[in-house]
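To keep things clear, I will list the structure first and then write my remarks on it.
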Amino acid sequence: MELCIKHTLSKYAKRLHKVVRRLVPNCDVRFLLSESGSGKGAAMVTAVAYRLASQRKQIDEILASFKLSKENLREVKTKMRAELEYGLKKETQPNATVKMLPTYVCGTPDGTEKGKFLSLDLGGTNFRVLLVKIRSGRRKSVRMYNKIFAIPLEIMQGTGEELFDHIVQCIADFLEYMGIKGARLPLGFTFSFPCRQASIDKGTLVGWTKGFKATDCEGEDVVDMLREAIKRRNEFDLDIVAVVNDTVGTMMTCGYEDPNCEIGLIAGTGSNVCYMEDMKNIEVVEGNEGKMCINTEWGGFGDNGCIDNIRTKYDKEVDEGSLNPGKQRYEKMTSGMYLGEIVRQILIDLTKHGLLFRGQISETLRTRGIFETKFLSQIESDRLALLQVRRILQQLGLDSTCDDSIIVKEVCGAVSRRAAQLCGAGLAAVVEKKRENRGVEHLKITVGVDGTLYKLHPHFSRILREMVKELAPQCDVTFMLSEDGSGKGAALITAVAKRLHSIGEN
Ligand code: BGC
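Taking the UniProt record's numbering, the leading residue of the sequence shown gets 1, the next gets one more, and so forth.
The following block contains the structure:
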């Protein structure tokens, strides 16, 4: 930045230099000498400098509320660790916010699985149907064919019957398209919402998350709802073998390649983790032998207020404006569905204070959901010049100056950085628990990961990994990207379940 001042460097001007440098240490301000300035000019300059400094101060204050200290993060890890325990214990489980749901998935694939399977994947904005062909033996492989179907908002938020009829309509289209309508294939249903399971093919929806709110589904068995919708259509039959959370599918898919993979992480539209827990620690399920995969549903962490000390007023606004206020508080600070909304709330506040967009709150800025994760990822990309950031903002209908674009980028950075740190602190608690379970000094473990935030954001994955390393120094964690965990994983779990079932029958 350049400021013009009168050429005699009076004592006043020297003081002005000092004041400006002290107040805005991050800005490299050069003073240009003016031939025709006056005392009035210097006063104006001082006023401008003070205004800039005070604006900067206000922006810094807002962003400071997103900066977490080492102490804050250690505390998050410790609290998450405690909540994992509450969810596993019979006594504390009913009120636990981290639900720790047993999945009845007790083993990873051993390579002998084979056959043709159907997979359904419901949990994001799209619904997918897949045909998965698994080959065993030396030439073991998984081949997949899939079709993506959009789920219109009115269906996501309509009645349960409408939602499941739509799903079955999509399945019919797919079977027709693949020419396999008559084949009664075993099916794995990836349903990425909290489900209380009593067996691998039964799952009662605890509550919708993310953008879903179809009526008459909560408290109902989603497999029954699917079977009923198939019956209503009366066109084909399916053998529904397993209902699977996306974290579990991700862990299984990576476990197929690396037997050390005992944790599945999703950092995408939603946020969640599953891991293999020793049966003796799962009080709500009979039996002490072996392991079972637990779907933690850690998105609900903090719903009892235990992380309120680090929630900002923007987090509260996003929560209040969401479909499920008071619920999934940790998810709302860490996942793609909400990060853009947090950014939007901050931008509105900055604009109200005259610090952005010339103080004008446009209609666009008032629109909920305009900031999708993909924009956050683009804006934060190091390869993107500021002019391109302005173009993105323009695409979003936000007319920005160069200074505005710098501020928007800073806001996005603060919000996504905090998300990655929080997610890392949570994961540190899970790997530490695994280490303690095994009773070892040092644990080597693989985490299977999926989700757009982890895969596409330019900094999220690095910050998350750094955090885990820092907070769980005794664990050597390898992160393995899952290729289509939801589709492949459900098929693998179905294959394992089928294999075990046939062993049981013989
Ligand atoms: C759901 C989880 C899911 C996660 C990631 C959350 O909103 O509650 O079941 O695993 O999103 O898709």
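We put the CB at the ideal spot given by N, CA and C, even for glycine. Note that the structure is predicted; figures quoted are calculated from it, not measured.
Cβ neighbour criterion (16 or more within 10 Å) applied to residue i
i	result
Y454	buried
G487	buried
D173	exposed
I148	exposed
P473	exposed
D237	exposed
G439	exposed
H457	buried
N245	buried
M1	Residue placement at M1 cannot be trusted, given a pLDDT of 46 that sits under 50; what the coordinates show is reported in the next sentence. Exposed, since its Cβ has fewer than 16 Cβ neighbours within 10 Å.
V243	buried
K210	buried
L153	exposed
C402	exposed
E176	exposed
N309	exposed
K18	exposed
R329	buried
T215	exposed
D258	exposed
D201	buried
Contact belief for residue i with residue j at Cβ below 8 Å, rounded distance in angstroms
i	j	result
N272	G299	6 Å
T190	G123	7 Å
G188	T452	Not confirmed; about 22 Å, so no contact.
I151	T125	7 Å
L427	V468	5 Å
F460	A419	7 Å
C261	M480	6 Å
E380	S405	Not a contact, Cβ separation roughly 12 Å.
T373	G340	6 Å
E432	R81	7 Å
residue 543	N295	The structure shown does not extend to residue 543, since the chain is modelled only from 1 through 506, so no value can be given for it.
S136	G111	6 Å
S482	T269	Not quite, the Cβ-Cβ distance comes to about 15 Å (not below 8 Å), so this is no contact.
Alpha-carbon spacing of residue i relative to residue j, whole angstroms
i	j	result
L120	R465	31 Å
V336	G219	Looking at the sequence provided, one finds Gly at residue 336 rather than Val. Approximately 26 Å between the Cα atoms of the pair.
L3	T351	At L3, the pLDDT of 49 sits below 50, so the modelled position is not reliable; the number obtained from the coordinates is stated separately. So the two alpha carbons sit approximately 25 Å from each other.
I263	I361	44 Å
I282	L88	5 Å
M100	N234	37 Å
G207	T159	14 Å
residue 507	L471	Past the edges of the chain, shown from 1 to 506, lies residue 507, and the structure says nothing about it.
K280	N437	10 Å
A198	T97	20 Å
E277	E297	14 Å
L396	I370	7 Å
S54	E363	27 Å
G288	N95	For the sequence presented, residue 288 should be read as Asn rather than Gly. Between N288 and N95, the C-alpha separation is close to 24 Å.
E113	I171	24 Å
I463	L384	20 Å
T92	L323	27 Å
residue 511	A64	No statement about residue 511 is possible, as the shown extent of the chain runs from 1 to 506 and does not include it.
T367	L347	12 Å
G118	G489	Residue identity check: residue 118 is Leu in the sequence provided, not Gly. For L118 and G489, the distance between alpha carbons rounds to 11 Å.
I266	V48	47 Å
M333	S377	16 Å
T103	L355	49 Å
R390	D399	8 Å
D476	A425	15 Å
C195	R184	25 Å
residue 533	K57	A query on residue 533 cannot be resolved here, the shown segment of the chain reaching from 1 to 506 and no further.
F164	V223	10 Å
T8	R51	Low confidence applies here, because T8 scores a pLDDT of 48, under 50, leaving its location unreliable and the question unanswered by this model.
Y314	E331	14 Å
L68	R227	47 Å
C293	M251	9 Å
Q388	E161	45 Å
E441	K327	36 Å
T478	V449	10 Å
A497	I407	52 Å
N72	F66	11 Å
> Enumerated in chain order, which unbroken segments of the alpha helix (DSSP H) with a length of 4 residues or greater are wholly contained in the region 405 to 482?
Replying inline: 452 to 456, 460 to 471
* Counting only runs of 4+ residues fully inside the region 127 to 159, write out the alpha helix (DSSP H) ranges in chain order. => 153 to 156
My parser needs the beta strand (DSSP E) runs of 3 or more residues fully inside the region 272 to 350; what are they? 291 to 295, all fully within the region 272 to 350.
Which complete alpha helix (DSSP H) runs does the region 196 to 247 hold, if anything under 4 residues is left out? 222 to 233
In chain order, what are the residue ranges of uninterrupted beta strand (DSSP E) at least 3 long that sit wholly in the region 72 to 107?
none
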